[in-house]
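Heads up, the thing below is written out as structure tokens.
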């Protein structure tokens, strides 16, 4: 009997899951295949997952928080918390600390990236998240505004329909979970190529990552970014840039950027964040 | 007296002008500085210019033709013709032949690029233009639809707001004056980056040239493209492309393109069409 119980406990013990950072371009499928959310569910431990949802970017945090709780409970997670953090000093509560220290995954919802950074940046809660992500103890996902905050530099807003120029994009400081990148979300859906390029002119030491809706750039611990979902992930890499006029022209003058590298990636493609190499998915040639 | 007349004739002889092909992104300044149109005026011989305007792309060819005639007459050209070609068989008329053989510059107006190609492609008139452009005898300019027709492959229409995909762009055959390029015009103004990339996935042996409004890519005989005007010229160069799924996916599936080279050029920048090199303008550092 004791042996049987031990066997049962062993079976219940979470599989060693590969943690990751999942950067989602917004509007991920919440109804049908739910491929991206299901991957997050699996990466956080599947039926053993304890998911902590932070809906602070949203104007309706409890509604959006409850929606994700229902989705993850439907999938079969063991536990799902909503941390409805609306003020910075909420971040010191023991409930929040305990949830973030015990969970196997954290999910940042959409909304306004400035609001999200406003309540989370430089708090004890953020320290716990960052430290546990770095240690590979939790899988972190952010969608839309929750994706925008991933870099050190963050796109807070901007326009389109103009030549690239500095005044086209509003920059702020993000949560620096992947400091090397500048994320833009709802990317081709909202014609944001020009604002990402405008952002990179001021920050040519970063890599621009544009993520379409219902699409995810999943960053593994080994530096590989995997693409998953319906749209494309656009990489704008200024590593080899030979020239920009960014510091010499007025804020509304057209920017130039010479020798950027551009990759349009689709489902299954990979890009290495440090080697700056790209690999295609293995596709089936139609018979 | 005979000597005086010879001297007078010599002074009247057109200056040796450097001919070029001027590809204009549409909506060029027609009222104030008129920088681009004035450059065309100069390149066609200034006060000695004989400019032939082909307004066939437009639904209102005589109105738009007259507008350009007034502009160039204001500048001081010696002669300006309108070739109001509405049917292919007009192209055989001796008036049109004589105008195209005697002029120092041809200007293609905006409108619909399919209509322009419909009346001009494979006609005697087009043969004369092409032969005289190649011989460096005339400067050719095209704006908007008149720019779209420059390549062998032409973007006839398309959309935006989606991940790059084949069905996003409608391709047709252009007038092949610079066969190596695929032009897109009103470029950042109408968020056309995604349709140019979608076009290149099917034609990776070409170079994508996206030209903003009131901006010109001026192709010199030596292979250099010079940028002039208010906006930017975007070069998408697939020469080093390592992979695309273009031939393996459905028409609406997201395309991937790995290892494109991207240049955003502004006023004074240069790009060499065959060497694929880029040079910045010499700019004045603010004091």
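Residue numbers (our numbering), protein chains in the order written: chain A, 1 to 287; chain B, 1 to 287. Note that beta-carbon positions come from the ideal geometry of N, C-alpha and C, so glycine has one too. As the structure is a prediction and not an experimental result, all values here were calculated from the model.
Tell me the rounded alpha-carbon separation between residue i and residue j.
i             : j             : result
residue 79/B  : residue 205/A : 54 Å
residue 126/A : residue 132/A : 10 Å
residue 27/B  : residue 191/B : 16 Å
residue 242/A : residue 153/A : 22 Å
residue 20/B  : residue 106/B : 11 Å
residue 168/B : residue 139/B : 33 Å
residue 245/B : residue 165/B : 10 Å
residue 287/A : residue 238/B : Bear in mind that the predicted position of residue 287/A carries a pLDDT of just 45, short of 50, making it too unreliable to give a figure here.
residue 198/B : residue 265/A : 13 Å
residue 255/B : residue 142/A : 25 Å
residue 240/A : residue 180/A : 15 Å
residue 23/A  : residue 184/A : 10 Å
residue 68/B  : residue 257/B : 41 Å
residue 81/A  : residue 99/A  : 7 Å
residue 13/A  : residue 50/A  : Summary for residue 13/A: the model assigns pLDDT 46, below 50, so the residue's position carries little reliability; its value from the coordinates is reported in the next sentence. Each residue's Cα considered, the two are about 13 Å apart.
residue 270/B : residue 282/A : 38 Å
residue 176/A : residue 216/A : 18 Å
residue 203/B : residue 261/A : 19 Å
residue 102/A : residue 223/A : 26 Å
residue 160/A : residue 195/A : 7 Å
Using a Cβ-Cβ distance under 7 Å, would residue i count as near chain B?
i             : result
residue 206/A : no
residue 214/A : no
residue 193/A : yes
residue 69/A  : no
residue 269/A : yes
residue 160/A : yes
residue 238/A : no
residue 278/A : yes
residue 275/A : no
Taking the alpha helix (DSSP H) that residue i falls in, what are its first and last residues?
i             : result
residue 121/B : Careful: residue 121/B lies outside any alpha helix (DSSP H) and carries neither H nor E.
residue 20/A  : Per DSSP, residue 20/A belongs to no alpha helix (DSSP H); it is in the beta strand (DSSP E), 20-24.
residue 187/B : Note, residue 187/B: premise wrong, no alpha helix (DSSP H); not H, not E.
residue 50/A  : Premise fails: residue 50/A lies in the beta strand (DSSP E), 50-54, not in any alpha helix (DSSP H).
residue 69/A  : 61-75
residue 178/B : Neither: residue 178/B is in no alpha helix (DSSP H) and is coded neither H nor E.
residue 146/B : 145-148
If you compare alpha carbons, which of the options is closest to residue i?
i             : options                    : result
residue 123/B : 62/B, 89/B, 39/B           : 89/B
residue 104/B : 117/B, 172/B, 45/B, 24/B   : 45/B
residue 232/A : 253/B, 39/B, 210/B         : 253/B
residue 230/B : 53/B, 58/B, 93/B, 186/B    : 186/B
residue 273/B : 71/B, 219/B, 50/B, 260/B   : 219/B
residue 52/A  : 36/A, 18/A, 73/A           : 73/A
residue 54/B  : 275/B, 129/B, 176/B        : 129/B
residue 145/A : 158/A, 196/A, 268/A, 108/A : 108/A
residue 38/B  : 56/B, 70/B, 62/B, 75/B     : 75/B
residue 63/A  : 110/A, 87/A, 42/A, 92/A    : 110/A
residue 31/B  : 214/B, 249/B, 136/B        : 214/B
residue 42/A  : 18/A, 259/A, 56/A, 251/A   : 18/A
At a Cβ threshold of 7 Å, is residue i touching chain A?
i             : result
residue 229/B : no
residue 47/B  : no
residue 196/B : no
residue 266/B : yes
residue 169/B : no
residue 298/B : It is not possible to answer for residue 298/B, since the shown part of chain B is limited to 1 through 287.
residue 23/B  : no
residue 51/B  : no
residue 122/B : no
residue 75/B  : no
List the residues of chain B whose Cβ lies closer than 8 Å to the Cβ of residue i, in chain order.
i             : result
residue 232/A : 163, 164, 254, 255, 256
residue 261/A : 259, 260, 261, 262
Hey, quick one: how far does the beta strand (DSSP E) through residue i stretch, first residue to last?
i             : result
residue 85/B  : Per DSSP, residue 85/B belongs to no beta strand (DSSP E) and is neither H nor E.
residue 259/B : 257-265
residue 251/B : Element bounds for residue 251/B: n/a, residue is neither H nor E.
residue 235/A : 233-237
residue 46/A  : Premise fails: residue 46/A is in no beta strand (DSSP E) and is neither H nor E.
residue 225/A : 224-229
So which residues on chain A does residue i lean against when the C-beta distance must stay under 8 Å?
i             : result
residue 202/B : Ordered by position in chain A, no residue passes the 8 Å Cβ test against residue 202/B, which lies about 14 Å from the chain.
residue 183/B : What residue 183/B touches in chain A: nothing, since even the nearest Cβ is about 16 Å away.
Please list, in chain order, the chain A residues whose beta carbon lies closer than 7 Å to that of residue i.
i            : result
residue 61/B : Residues of chain A passing the Cβ test: none, with the nearest at roughly 29 Å.
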